[in-house]
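K.L.:
Here it is, the structure, as structure tokens.
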Amino acid sequence: MVFAIPSREGSRVRSGPRTYKEQPPVVGQCPQKRRQEASRGRAGLNQTKPDLPPSYEEATSAAGLHGPGAQSSDSTPPLEGTLPSRPPLETAMILPRSSSARRFPQAFNIYLDDSGLSFTLGEHRNTPIYAGRFHPSSAATLGLYAGPSAETSPMLATVVNSAGSGDATISLLPLTSDAPPVEVTIASHRFRVEIGIAGGVGHPEIFEWRNSRGKALVELEAHSGWELVRMAQYPPPGVTADFEPGKYETDDGREVVAVWAEVKLSSTKSAKFKFLDTGSAGVLGEQWEMVAVVSALGLWEKQTRAKRWRES
Numbered sequence: 001m002v003f004a005i006p007s008r009e010g011s012r013v014r015s016g017p018r019t020y021k022e023q024p025p026v027v028g029q030c031p032q033k034r035r036q037e038a039s040r041g042r043a044g045l046n047q048t049k050p051d052l053p054p055s056y057e058e059a060t061s062a063a064g065l066h067g068p069g070a071q072s073s074d075s076t077p078p079l080e081g082t083l084p085s086r087p088p089l090e091t092a093m094i095l096p097r098s099s100s101a102r103r104f105p106q107a108f109n110i111y112l113d114d115s116g117l118s119f120t121l122g123e124h125r126n127t128p129i130y131a132g133r134f135h136p137s138s139a140a141t142l143g144l145y146a147g148p149s150a151e152t153s154p155m156l157a158t159v160v161n162s163a164g165s166g167d168a169t170i171s172l173l174p175l176t177s178d179a180p181p182v183e184v185t186i187a188s189h190r191f192r193v194e195i196g197i198a199g200g201v202g203h204p205e206i207f208e209w210r211n212s213r214g215k216a217l218v219e220l221e222a223h224s225g226w227e228l229v230r231m232a233q234y235p236p237p238g239v240t241a242d243f244e245p246g247k248y249e250t251d252d253g254r255e256v257v258a259v260w261a262e263v264k265l266s267s268t269k270s271a272k273f274k275f276l277d278t279g280s281a282g283v284l285g286e287q288w289e290m291v292a293v294v295s296a297l298g299l300w301e302k303q304t305r306a307k308r309w310r311e312s
């Protein structure tokens, strides 16, 4: 089955002042409750709930932009304004706070070997940081290993893709036996993950991969690819008052925090990845960083598999 990829115009260079549209959430308070209270204050304690904007998938599906096999927006994780209320402790147990250590360089390449089943991540082919393997005959679509060799390094994460859709399940595996694995569900290219660094204040946020021809892809010297969009429009946790949103925004006014694209004219590089602005500042945390990269690898695997199917 060919993986359908919706086409979108994508990001633009932000015009005007680089400011946030909303205030960060209060610790322990559901963003929906915060918005409702703000709405009641503006309307003189009006009890009517504010209308929440549709998701990007809902808006584009109404315009017929989804390809065959795309999932309906009913299965997508909600936007920040509709996150279900969950006690902070329970959230922390499901998605433990990430540390401030960086696992990846700001920009790196993906190198696919001659077998087409193994790959490495790194700034240069001869100095790999991580190794990975496709697992076409097992439950996991691909595995990422915590070192440059899949034979000698423990597995760091797995991706299980759903055929013909933008759905997947990511498992972040513990490197110590006493830590539980963390699972992140991707629905229609959208996922929720805990952001923030260890010892600081954090909360879960929604991010979405969008197929694009946007301006942010200039960072990879590419004309088309994928942009990772931060759906929240308030400052990330733990930043100072002068922290600004990034240079690139989508057509619905949200920040692009990472990009990846296939490399067309290279005998060694298969794809390129880069963290942008807020995504490269380290404030979103190590766990977010891992999910951003592994979810991009899942998309890359789908496109690679679809290309092989077309050429067979």
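Residue numbers (the UniProt record's numbering): 1 to 312. Even for Gly, the Cβ is constructed at its ideal location relative to N, Cα and C. Computed from a prediction, not measured in an experiment: that's the story for all the values here.
Buried or exposed, going by whether 16 or more other CB atoms sit within 10 Å of the CB of T141?
P.N.:
Classification of T141: buried, given that the 10 Å Cβ count is 16 or more.
K.L.:
Just mark R192 as buried or exposed, buried being the case when its beta carbon has 16 or more other beta carbons within 10 Å.
P.N.:
With 16 or more other Cβ atoms within 10 Å, it is buried.
K.L.:
Please report the residue range of the alpha helix (DSSP H) in which S295 lies.
P.N.:
Counting along the chain, the alpha helix (DSSP H) containing S295 begins and ends at E286 to E311.
K.L.:
Assuming H189 and E205 form a contact by the criterion Cβ under 8 Å, report the distance between their Cβ atoms to the nearest whole angstrom.
P.N.:
That pair is no contact at about 15 Å.
K.L.:
Under three-state DSSP, which class holds residue 315?
P.N.:
Within the shown structure, residues of the chain are numbered from 1 to 312, placing residue 315 beyond reach of any answer.
K.L.:
Beta carbon of V291, beta carbon of L276: below 8 Å?
P.N.:
Going by C-beta atoms, V291 is not nearer than 8 Å to L276.
K.L.:
Note down the Cα distance separating H124 from Q303, rounded to an integer number of angstroms.
P.N.:
Taking the straight line from one Cα to the other gives about 22 Å.
K.L.:
Would G285 and W260 be called neighbours here (beta carbons separated by less than 8 Å)?
P.N.:
For G285 and W260, no; Cβs fall outside 8 Å.
K.L.:
Please return the same chain residues whose Cβ sits closer than 7 Å to the Cβ of V263, not counting the five positions on each side in sequence.
P.N.:
Closer than 7 Å at Cβ, skipping near neighbours: K269, S270, A271 and K272.
K.L.:
With distances taken Cα to Cα, identify the nearest neighbour of A107 among K274, W309, P128 and K307.
P.N.:
It is K274 whose Cα lies nearest to the Cα of A107.
K.L.:
Quick one: residues in its chain with C-beta nearer than 6 Å to the C-beta of A146, no 5 flanking neighbours on either side, listed in chain order?
P.N.:
These residues qualify, in order along the chain: S153, P154 and L156.
K.L.:
Smallest Cα separation from P180: which of I186, L172 and A187?
P.N.:
The shortest Cα separation from P180 among I186, L172 and A187 belongs to L172.
K.L.:
In angstroms, rounded to a whole number, what distance separates the CA positions of A296 and H203?
P.N.:
The straight-line gap from Cα to Cα measures roughly 22 Å.
K.L.:
Could you give the DSSP three-state label for A107: helix, strand or coil?
P.N.:
A107 falls in the strand class under three-state DSSP.
K.L.:
Mapping DSSP to helix, strand and coil, what is V218?
P.N.:
Helix at V218.
K.L.:
CA-CA distance, V160 and T169?
P.N.:
Distance between the alpha carbons of V160 and T169 is about 5 Å.
K.L.:
Does any residue of chain B have a CB that is nearer than 8 Å to the CB of F273?
P.N.:
Given the protein chain composition of this structure (a single chain), no chain B is represented.
K.L.:
Could you check what DSSP says for N126 in three-state terms: helix, strand or coil?
P.N.:
Reduced to three states, the DSSP call for N126 is coil.
K.L.:
Can you tell me whether Q287 is buried or exposed? The criterion is at least 16 other CB atoms within 10 Å of its CB, across all chains shown.
P.N.:
Q287 comes out buried.
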